[in-house]
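Novice:
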Amino acid sequence: MVNSEKREYGSIGEREIFMGHECIAINGADHGVTVTASFLSKGKYATRDIQCHFLVGTDGTGRSVRKSLGISMRGEKDLQKLVSVHFLSQELGQYLINGRPGMLFFIFNKDAIGVLIAHDLKQGKFVLQVPFYPPQHKLEDFSSEMCKRLMFKLAGLELKDVNVMDIKPWVMHLEVAEKFLSCNNRIILAGDAAHRFSPAGGFRTQSVCTFIMFLFCQLKTCNCYLSKNWYYLVMSWILLRIKFLRFLFAWESWGRGEKTN
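Heads up: the sequence shown begins at 1 in our numbering, then just goes up one per residue.
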């Protein structure tokens, strides 16, 4: 999607990945989009301009593309507060591989409630999410030792090799961007930049990946970005996404016992 061109820091061609680059400015025009990126070169920050036919913003909810366009998010905030505990335990990973292999575990028992996310069973990389209710709870209450005790209760066994790497708060929102297109439909928001909702059950991951794959397949097919049918193609994609999001948001609200229009 990027036009080849010569710059001070080397040529820029198609199908290239630039690591360590941050988008700091976007300028749209009828013929394309210019993205200014900042990066570290020889110990100093430098900038580079990248000419694009289209820009797809997939940099998350708090990043620069959507905010630089002045597009806000609408919906419900603070649906649920949780504490995310990133930890390592090869013992737990091996236990799950042998007995209950999986990626997402919803655990409810008389002693504890939590969601265990297995990022890598072989290496024992996990994230544990537990309910958090301020002001009754404080983040400081969740010490490494307390989190270890929670893990033991949830796993049902005393793990010997637990290494707590990080403990931080996490908030669940149900929001969608005011619009997904900007600058003559040449800038497109996708993923968390366009919407964020509960990841429970993998719906969030699956929907985001599906939409982004669909978009890039359409961009690739028959050089559609040069076709007069491009606008209708993108709009059909956007309408499909909006229809899906409305259904999903209504479904989640119904699950919480709320009425939706």
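Idealized CB from N, CA, C, for every residue including glycine.
Looking at C-alpha atoms only, which residue of 57, 62, 36, 56 is the closest neighbour of residue 50?
Specialist: For the residues 57, 62, 36, 56, the minimum Cα distance to residue 50 belongs to 36.
Novice: With H, G and I counted as helix, E and B as strand and the rest as coil, what does DSSP make of residue 65?
Specialist: It is helical.
Novice: Count Cβ pairs between the segment 78-98 and the segment 157-168 that sit closer than 8 Å; are there 3 or more?
Specialist: Yes, since at least three Cβ pairs between the segment 78-98 and the segment 157-168 fall closer than 8 Å, the two stretches touch.
Novice: Under 7 Å between the Cβ atoms of residue 38 and residue 24?
Specialist: Yes, they are a contact pair.
Novice: What is the residue span of the beta strand (DSSP E) that residue 38 lies within?
Specialist: 32-41 is the extent of the beta strand (DSSP E) around residue 38.
Novice: Would you mind working out which of 45, 60, 44, 28 sits nearest residue 192, comparing C-alpha positions?
Specialist: Among 45, 60, 44, 28, the Cα nearest to that of residue 192 is on 60.
Novice: Do residue 184 and residue 78 have their CB atoms nearer than 7 Å?
Specialist: Cβ atoms of residue 184 and residue 78: not closer than 7 Å.
Novice: On a Cα-Cα basis, can you pick out the residue from 122, 47, 48 that is closest to residue 101?
Specialist: Closest by alpha carbon: 122.
Novice: If contact is defined by three or more beta carbon pairs under 8 Å, each pair taking one atom from either stretch, is the segment 79-87 in contact with the segment 168-176?
Specialist: Yes, since at least three Cβ pairs between the segment 168-176 and the segment 79-87 fall closer than 8 Å, the two stretches touch.
Novice: Rounded to a whole number of angstroms, what is the C-alpha to C-alpha distance between residue 7 and residue 68?
Specialist: Here the model assigns residue 7 a pLDDT of 46, short of 50, so the residue's position is not dependable and the matter cannot be decided.
Novice: Between which two residues does the alpha helix (DSSP H) harbouring residue 147 extend?
Specialist: 144-155 is the span of the alpha helix (DSSP H), which, as asked, contains residue 147.
Novice: Compare the C-beta of residue 69 with all C-beta atoms of chain B and state if any pair is closer than 7 Å.
Specialist: No chain B is present in this structure, which holds just one protein chain.
Novice: DSSP three-state label for residue 71, please.
Specialist: In the structure shown, residue 71 sits in coil (DSSP, three-state: anything other than H, G, I, E or B).
Novice: Could you pull the DSSP bridge partners for residue 57 from this structure?
Specialist: 189.
Novice: Report the rounded CA-to-CA distance for residue 120 versus residue 126, giving the unit in angstroms.
Specialist: Using only the alpha carbons, I get a separation of about 7 Å.
Novice: DSSP three-state label for residue 93, please.
Specialist: Looking at residue 93 - three-state DSSP - the assignment turns out to be helix.
Novice: Pull up the distance between the alpha-carbon of residue 144 and that of residue 99, whole angstroms please.
Specialist: So the alpha carbons of these two residues sit roughly 27 Å apart.
Novice: Runs of 3 residues minimum, wholly inside the segment 92-138: which ones carry the beta strand (DSSP E) assignment?
Specialist: Runs found: 104-108, 113-120, 125-131.
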